[in-house]
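For reference, the structure is listed below as structure tokens.
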């Protein structure tokens, strides 16, 4: 009798029921590549000034209209594990330099697409990876040779404006000059001589109504709040900031007071009132004219504040409070005590005003030495304003990147073509099989000017051949002229279309890394998603920590 | 398009599902699942066209409300509450549109409402008409970015032109300013339900706004509605009026009328504290009489006590009302509206709100243009002339913009039942001859110089409408793909939706 050998369970049987398992070139690698390709195709049409917007409706039914790749991806909730990797690369780019997210996606997509061709040709995955790695290293070396100019004086508004313009252009084509001007003013005014620039110090306040061109910029801060008391405008204000509610203090230890008769009750409440009055009076006598509080304002306290002609502003966000402290140079007091002169902030003008139909409190500095500046964005729809906010973000980030490294490379596809040209010749000098991969890496760079051209309705191949011929003549700053009707080229340095060096540097690096990571995967094992109700995602507003939020209702009337 | 068709289209826009066209080939091009299950995507030119169509359907819904001969809409919401209105923003708000592109139109109506308060129907119509004029160009394959650029240029030109030709009225001449304000208010009220009483109300509105202080906070104008009586019995109180809420025993004995009383405004129960003798009314929202709100009865000094000339209690309709009149430091006023049905008084309130907003804007920006389609015709002529001076695609597009502007006078005629083509021809001819303020004359089915006829609007209304409409049109044009995530299942608390406040969510107040 033959010995019964039980059949060894296959890989799939070893896993829990419902788990999915893919392996090998056909099942895993190509599938991954296809997913990434599809993703990059979605964002490719959003690349560049002529890129189209996408309407994304997220799971909360909030509508986004944008061509900012980072936003699209965040709201899309990409599920495919491989595609997620290039999403992560683009997130990293966002964190590292704040701009060029779409560059990462398009480039990584192109790399993978070309890798598929190589794999089908018969190259092994490791050869492709090796070639890509080599090429990437070489590219980053060459990139520094592409630098065509550098920012000289970032304290000069005009220069800052011309540098920010390119970044804004890809988001808000047509409004770039106007917005770049606002952003440059905002950035320069808070850029200290010490050279330490914090992106967070440029605030954005969006108010519905009017048009984009009514947007403005001011030194200081703007809050969508109303003043609590009667006083609505103070010039040359001394500001006392309290992080606690503007109310009588509650004792730490609990106690009970026994009140025997009416007289005692009256004395008790009178004592409370007197204490409050003394408190407010002390604040007033310390010289303060404006009180900003992080918590509720008690009626009683407000009454005395009105009596002593103090303007009271209530801010709900801790961050806002901290930023305000920074702007006016105040120290937030945790208890309602009279502030010392050092603890009080100063602001030239604090006033309540109406923009559109929104009441805003403005803390304004006359001079340009404020620690915080605010860009007030106007627009006819919320979506539009959100998109402009993203453009402002990109612009501010570009400024920050330039503070770190002031080198610039030509934009409009010029750098990419120059790199492609040089990497191709480098590839030809390599003896091994990686030569193919290096050449494909060079080819991948063409995807960017191609996307620019195709989004503008110009034939990509025609443009690329023109660019190559221009670059072979030694004009390494020649890029795509987006203003023209056909595939024309022009000198990007003269046109002032320049990208920061670091954006390109990180973009290439992150895109290559993510592409390689995707290629390295040869097996996918997906466990069955656990059933049961999912825990609700805790996605609070990044700017809110604690404290109650205002309900989002809109009232058209009253 | 016949009415039934239109209804169907509107309904399909309003229902949640099936609002995005999905061509079957795009559903799953590859077996790779990239996005969450249930995600809906659609892209390309067909998507753009479908967005444009959706916007047109929305504008169809408000189209007929434009102008003095516009009709009202009756809407019943999910709770069975009926609203009658011809205010574009109100209608669109109540429609509860879910289509993402069509929502943009609702947004601009809101924006117009926020910025100037009136002209919400025109802004929606203009945006939809811009898109309609552009549709053929998009279908022909013109790149949307080219169109957007042309539109931005055209808008800048148009706004510049408005600023150039607007007539400004000197602020120092009080008499002249008042006349201007009354005319603006009358024009705004012209298209409303209470057009018959426009003189009466425009005076009232101007009085109300004039009594406010510099900041002109809208909150300082109270509007109370009392059912019954005729519209003309509505009145303006310079001071505060409110329904009698509460009184103590023995109140009947008190006199119903005080002259020059001093008023203590209390925020607390009078009972608990020491019994102080005063007007024996508990007042909650009062900043009118110049007194501060008192939380304590402890320190009662003269400067915290308010004053007014007259306090009286009067029967208004079925209610007893308390009036504080003639306050010396008064920066506030109250309008008491009388009228029949509840919906009627509500619509009157909305109309007055619009008129008040217009007057406020007119005070801030003292330049006016002629209404009744006159300014649109003039801009249309100006842009058409301009377009002939430039070569290329821009010429056609700016021409399309110019043509789209004619929708306002055309719709005014259509709503009034006039022959729009005929009147527009007359208008075009007149404007070509230099009669720049000629617009539709509703009363005589003809054209007339609307500046002489005192159909005036603050120029800011038109500037904002044009900017908003073209921004919306550009926004819709710039979208080539819609990706819709499935709505997350609400496992958490029902208020979960409010929690995921993304960056850039408006903080509406």
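Chains as they are written, first to last, in full-length UniProt numbering: chain P, 1 to 558; chain G, 1 to 509.
Positions of the beta carbon are idealized from the N, C-alpha and C atoms, including for glycine.
Because the structure is a prediction, the values reported are computed rather than measured.
Contacting residues, own chain, Cβ-Cβ under 7 angstroms from residue i (five flanking each side not counted)
i	result
residue 481/P	488, 489, 490
residue 233/G	338
residue 94/G	75, 77, 83
residue 402/P	151, 154, 163, 500
residue 475/G	104
residue 181/P	161
residue 387/G	395, 398, 399, 402
residue 305/P	229, 280, 291, 312
residue 69/P	43, 46, 90, 101, 102, 105
residue 327/P	220, 221, 363, 370, 371, 372
Sequence-distant residues of the same chain with beta carbon closer than 6 angstroms to residue i, five excluded per side
i	result
residue 303/G	Summary for residue 303/G: the model assigns pLDDT 48, below 50, so the residue's position carries little reliability; its value from the coordinates is reported in the next sentence. Contacts found: none.
residue 552/P	Reliability fails at residue 552/P, whose pLDDT of 42 lies under 50, so the model's placement of it is uncertain and the value that follows must be treated cautiously. Cβ neighbours of residue 552/P beyond the five flanking positions: none.
Residues that DSSP places opposite residue i in a beta bridge
i	result
residue 456/G	370/G
residue 378/P	207/P
residue 561/P	The requested residue 561/P does not occur in the structure, where chain P is confined to residues 1 to 558.
residue 217/P	375/P
residue 316/G	319/G
residue 481/G	54/P, 43/G
residue 364/P	220/P, 349/P
residue 228/G	339/G
residue 333/G	221/G
residue 359/P	354/P
residue 73/G	85/G
Per-residue DSSP class, three states only, for residue i
i	result
residue 361/G	helix
residue 25/G	Note that residue 25/G scores 39 on pLDDT, short of 50, meaning its location in the model is unreliable; the coordinates nonetheless yield the value given after this. Looking at residue 25/G - three-state DSSP - the assignment turns out to be helix.
residue 530/G	Residue 530/G lies beyond the stretch modelled for chain G, which goes from 1 to 509, so this question has no answer here.
residue 472/P	helix
residue 491/P	strand
residue 103/P	helix
residue 5/P	coil
residue 433/G	coil
residue 500/P	strand
residue 92/P	helix
residue 187/P	helix
residue 205/G	helix
residue 517/P	helix
residue 416/G	helix
residue 55/G	helix
residue 152/P	coil
residue 236/G	strand
residue 63/P	strand
residue 296/G	In this prediction, residue 296/G has a pLDDT of 45, which is less than 50 and means its spatial position is unreliable; nothing more can be read from the coordinates.
residue 120/G	helix
Test item: CB-CB of residue i and residue j under 9 angstroms
i	j	result
residue 167/P	residue 159/P	no
residue 338/P	residue 298/P	no
residue 371/P	residue 329/P	yes
residue 458/G	residue 439/G	no
residue 227/P	residue 513/P	no
residue 241/P	residue 301/P	no
residue 559/P	residue 293/P	Since the first and last residues shown for chain P are 1 and 558, residue 559/P lies out of range.
residue 56/G	residue 131/G	yes
residue 209/P	residue 355/P	yes
residue 67/P	residue 102/P	yes
residue 295/P	residue 245/P	yes
residue 112/P	residue 515/P	yes
residue 162/G	residue 462/G	yes
residue 56/P	residue 235/P	no
heavy atom of the ligand COA below 8 angstroms from residue i C-beta
i	result
residue 194/G	Ligands in the displayed structure: none, and consequently the ligand COA is not present.
Contained alpha helix (DSSP H) runs [length at least 4] in the stretch 368 to 452 of chain P, N- to C-terminal order: Runs found: 382 to 404, 414 to 428, 434 to 445.
Any beta strand (DSSP E) of 3 or more consecutive residues that is wholly inside the stretch 296 to 337 of chain P: Counting whole runs of 3 or more residues, the stretch 296 to 337 of chain P contains the beta strand (DSSP E) stretches 311 to 314.
Whole runs of the alpha helix (DSSP H) within the stretch 219 to 269 of chain P, excluding any shorter than 4 residues: Taking only runs of at least 4 residues, no alpha helix (DSSP H) segment lies wholly in the stretch 219 to 269 of chain P.
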